[in-house]
Amino acid sequence: AAVPTAFADFWRTVVDGRLAASTHERRATALLVLRHVIAAETRGGRAARLAAATPLLLSPPLLRVLANNLPQRANYLHTPAREAMEAVVTAAKADASRSVAAAALSVLLQRDPAWDAHTRSTGVASLSALLDVAAMQRHASFLRAVFAAPMAAGGEVVRGKRGSG
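Here the sequence shown is numbered in this note's numbering, starting from 317 and rising by one per residue.
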């Protein structure tokens, strides 16, 4: 299922462009919007659409908000960040095909192969536990590409030619 263009435009403009890169209150709103979109798609039984939208929903600006706020309980946005990660895992558990789990794992591991360690969370472990053998085999090619790819100084995966930086 494809992500509707109007929704993708809204997400990039409003959530990524205006909310996720702004004040604490706006970042909290971005996390709340993420939770509500995930919950609505899950309640509506639209797992295929949610899986297709996962790379859009877990965009670099939102992953940055999550990564910066999950590790420390004292952070202002720790609770909304934790609730957003829990919403992702809950949606993945509700999806019998496990496509949401595989999509979320791909996005999180592409952002940071040590996501759980760096965020002091169990999102990757919880999502990985949901994958059966067939789903894990489908996911294996992505994992090979991520872990074999060269890393930039900041730990980001470098895309493109090997050795380019």
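We put the CB at the ideal spot given by N, CA and C, even for glycine. Only a predicted model underlies this, so the values are computations on that prediction, with no experimental measurement involved.
- Annotation: the continuous alpha helix (DSSP H) that includes Val404 extends over 394-410.
- Look at Val319 here: in three-state DSSP terms it is coil, with no helix or strand label.
- Secondary structure of Ala383 (DSSP, three-state): helix.
- The three-state reading of DSSP puts Pro429 in coil, since its state is none of H, G, I, E or B.
- Put simply, of Ala451, Val405, Arg351 the residue whose alpha carbon is nearest the alpha carbon of Val331 is Arg351.
- Look at Gln453 here: in three-state DSSP terms it is helix.
- Between Trp431 and Ser375, the C-beta gap is not smaller than 9 Å, which leaves the two residues out of contact.
- In this structure, DSSP gives Leu424 a helical state, which the three-state scheme calls helix.
- Closest in C-alpha terms to Ala369, from the list Leu447, Ala418, Ser442, comes Ala418.
- Pairing Ser437 with Asp325, the inter-Cα distance amounts to about 30 Å.
- Put simply, of Ser413, Leu424, Thr435, Thr345 the residue whose alpha carbon is nearest the alpha carbon of Ala450 is Ser413.
- Between the segment 415-429 and the segment 439-450, the count of C-beta pairs closer than 8 Å reaches three or more; the two stretches touch.
- If the five residues before and after Thr435 are omitted, its C-beta is found closer than 6 Å to the C-beta atoms of Ala383, Leu386, Pro387, all from its own chain and listed in chain order.
- Going by beta carbons, Ala445 and Ala410 fall outside the 9 Å limit.
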